[in-house]
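Remarks on the structure that follows.
Protein chains: 2
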Amino acid sequence: MKQTISKPARERLIQLARLLEHIENDSRQFITSSEIQNLTGWSSYTIRRDISHLKTECSTKAGYDIVLLKNAIGAELGITEGVKKCCIVGLGKLGSALIDFDFGKSYKIVAGFDSSVNRTEILTAPFPLYPTGQMQNVIKQEGIELAILAVPGKVAQDVATKLAGFGIKGIVNYTSAILSVGEDAIVENISLIDALQKIASLHAKN
Amino acid sequence: MKQTISKPARERLIQLARLLEHIENDSRQFITSSEIQNLTGWSSYTIRRDISHLKTECSTKAGYDIVLLKNAIGAELGITEGVKKCCIVGLGKLGSALIDFDFGKSYKIVAGFDSSVNRTEILTAPFPLYPTGQMQNVIKQEGIELAILAVPGKVAQDVATKLAGFGIKGIVNYTSAILSVGEDAIVENISLIDALQKIASLHAKN
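From first to last, the protein sequence lines stand for chains A and B. Residue 131 in our numbering is what sits at position 143 of the first sequence, and the numbering runs on without skipping anything. Residue 56 in our numbering is what sits at position 68 of the second sequence, and the numbering runs on without skipping anything.
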């Protein structure tokens, strides 16, 4: 059943869960599909179809129960189970800009790495910073599962291969390199250029 | 015909075009689907199917002709037509980390904006920086089409609505806000949390 949710629907549900988390704090109980449409721009048909993939009875006459819906998305996509430990690899301008980023409840940065000892000594962070040589030990000792990769593009594949070898299960790739890491790790690309290209290609289509 | 390319296939083709651009510089003429498989991790079946969407005769016994394939992707997705002007909105840690980013041949940053005049005066950039109040004028005068949004999450929707009103056609959203900007502008989300969630949900599925 889980296999039948398409990638775009999965991405919308992940965003919807984040939206519901914001709204939950406003102490409201329900939200309708047209309210979600106003907040996201997705059609209410799309929203209802996405939610129909979930195993939940969160739909009432007053709309969807916000907490039930959020929990159902988490359960279906398996994204609520405990805190996952992450590290930042590469502490240049971009990597160090992520040091103070708010990672929410589900993810915790427990280490940063850079090939320059100078860099790891100069920067301050709420978690320890190490030279790259200590990656293997720290990842194993801390049980780090996810890595945020912000090294220069030309060394990205080498570092990614090492990270996968050290047991990292997922890499968020901020570099311009296209990474191949075998089947044990998952790569999610965060590419500014690709985002610009997607916008350009969608405009060209219209 | 263009409508039939699925979103995941479109994203792979965009990445493939970027990969081919790198390889083109190595003065090779051909690449096979299994070489692409090794470089990307996508199955060669998927690669051949994606490429079959293109109107091109780039396939030979020696593999795909790299330049023809790259141009065919550009033509199909409409991403090769001239240089598009962009601006960075919000020059905090993340926005200012993007100032020196290599935007390649198709995109050019021509302006940066921040609500703090202090910030726009302290930072140095290869393009002019303006206080937010000048956004409308600069966007119109320069003919800026795309905006990279890196403002604090709580003002993101307001700023996005303004940008769409000023004629911006596409927004790359680095904020944690989920934006709704009507049908005239396209939003591409670059969310670190969403990327982590996608990895977690894909691991949960297996």
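For every residue, glycine included, the Cβ atom is placed at its ideal position computed from N, Cα and C.
Check, Outcome
"Between which two residues does the alpha helix (DSSP H) holding residue 64 of chain A run?", "54 to 65"
"Quick check: the Cα distance between residue 125 of chain B and residue 188 of chain A, rounded to an integer number of angstroms?", "23 Å"
"On the CB-based measure, 16 or more other CB atoms within 10 Å of its CB, does residue 183 of chain B come out buried or exposed?", "buried"
"Scan the region -2 to 23 of chain B for residues whose Cβ lies nearer than 9 Å to a Cβ of chain A and list them as they occur along the chain.", "-2, -1, 1, 2, 3, 4, 5, 6, 7 and 10"
"Run the CB neighbour count on residue 163 of chain A, radius 10 Å, all protein chains shown included, and call it buried at 16 or more, exposed below.", "buried"
"Using a Cβ-based criterion (distance less than 6 Å to any ligand heavy atom), does residue 23 of chain B qualify as near the ligand HEM?", "Ligands displayed in this structure: none; no statement on the ligand HEM is therefore possible."
"Can you list the residues of chain B that residue 28 of chain A reaches, using a CB-CB cut of under 9 Å?", "166, 167 and 168"
"Quick test of your reading: residue 127 of chain B and residue 75 of chain B, contact by CB under 8 Å. State the CB separation rounded to the nearest angstrom.", "7 Å"
"Starting from residue 95 of chain B, find everything on chain A with Cβ-Cβ shorter than 8 Å and list it in chain order.", "181 and 184"
"Since residue 92 of chain B contacts residue 79 of chain B with CB under 8 Å, what's their CB separation in whole angstroms?", "About 21 Å separates the two Cβ atoms, so there is no contact after all."
"Mind listing the chain B neighbours of residue 157 of chain A? Cutoff is C-beta to C-beta under 8 Å, in chain order.", "187 and 191"
"Would you call the region 0 to 17 of chain A and the region 38 to 58 of chain A in contact, with 3 or more CB pairs under 8 Å?", "yes"
"Spell out whether any CB of chain B is found under 7 Å from the CB atom of residue 160 of chain A.", "yes"
"Is the region 107 to 119 of chain A in contact with the region 166 to 174 of chain A, if contact means three or more CB pairs nearer than 8 Å?", "no"
"Run the CB neighbour count on residue 16 of chain A, radius 10 Å, all protein chains shown included, and call it buried at 16 or more, exposed below.", "exposed"
"How many whole angstroms separate the CB atoms of residue 145 of chain B and residue 167 of chain B, which I take to be in contact at a CB cut-off of 8 Å?", "6 Å"
"Find the nearest neighbour of residue 98 of chain B within the set B/129, B/150 and B/27, judged by alpha-carbon distance.", "B/129"
"Which residues in the same chain have their Cβ closer than 8 Å to the Cβ of residue 257 of chain B, if we skip the five residues on either side of it in sequence?", "Nothing about residue 257 of chain B can be reported from this structure: the residues present for chain B run from -11 to 194 only."
"Are there 16 or more other CB atoms within 10 angstroms of the CB of residue -7 of chain B, so buried, or fewer, so exposed?", "buried"
"For the beta strand (DSSP E) that contains residue 147 of chain A, what are its first and last residues?", "First-last for residue 147 of chain A: 141 to 153, but that is the alpha helix (DSSP H), not the beta strand (DSSP E)."
"Just checking: is the beta-carbon of residue 43 of chain B within a distance shorter than 7 Å of some beta-carbon in chain A?", "no"
"Report, in whole angstroms, the separation of the C-beta atoms of residue 135 of chain A and residue 71 of chain A, which I expect to be a contact under 8 Å.", "Not really, about 16 Å apart at Cβ, beyond 8 Å."
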